[in-house]
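Single-structure report; data block below.
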Amino acid sequence: MNSSVVFVIDKNPIHNSLIKYHLNINRFSKVYTFQSWSECLYRMEKNLIPDYLITDYDVGEISGFDLLRKVQALSSSVRVIFFSSYDDPILAIRLLDSGAADYIVKTSRLDIGLSELIKNVTFLNKEELLIRKG
């Protein structure tokens, strides 16, 4: 099993469940889902720091940029991946330039976006394992 810790923040509980399910079947066993940034922040402040944070751009409480800055302030090692319905290339580029690991658009067919998300998280994880082996 994969030992990476993954946090998922999405206001939609169905999206949270689907992302967790797909991560689990792809051998990510430590997946925690949250419907708000404040729930996630609470866990991070209790010293459970994820390797990956998958989040919608709009989590309701703060902007994606503020969320990214707060995560980076807590731990620079967390790789933040935005999985959002905002199909805005300029927004995506700005987030990537600010330190996000990836920006994936949720399409009208969620399965396509989920497939891309899982593929990218798996790739980033394999890349990280290769760097650690070094």
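Residue 216, in this note's numbering, is where the sequence shown stops; the numbers in between run on with no holes. Think of the CB as a built atom: it goes at the ideal place given N, C-alpha and C, for glycine as much as any other residue. What you are looking at is a predicted structure, and each value in this text was computed from that prediction instead of being measured.
Residues that residue i bridges to, as DSSP identifies them
i, result
"Lys112", "Val87"
"Leu135", "Phe89, Val162"
"Ala186", "The sequence given here places Ile at residue 186; Ala does not occur at that position. According to DSSP, which records beta bridges pairwise, Ile186 is partnered with Phe165."
Euclidean distance between Cα positions of residue i and residue j
i, j, result
"Tyr185", "Phe164", "5 Å"
"Asp138", "Lys215", "31 Å"
"Ala182", "Lys188", "17 Å"
"Ser197", "Asn129", "30 Å"
"Ser167", "Ile213", "32 Å"
8 Å Cβ cutoff met for residue i and residue j
i, j, result
"Val90", "Ile107", "no"
"Trp119", "Ile144", "yes"
"Leu135", "Val162", "yes"
"Phe147", "Ser99", "no"
"Met126", "Leu156", "yes"
Contact set for residue i: own chain, Cβ-Cβ below 7 Å, skip 5 residues either direction
i, result
"Arg176", "none"
"Val141", "Ile91, Lys93, Ser118, Trp119, Leu149"
"Asp169", "Val187"
Same chain, Cβ closer than 8 Å to residue i, five either side skipped, listed in chain order
i, result
"Val88", "Leu105, Phe110, Lys112, Val113, Tyr114, Pro132, Asp133, Tyr134, Leu135, Ile136, Val203"
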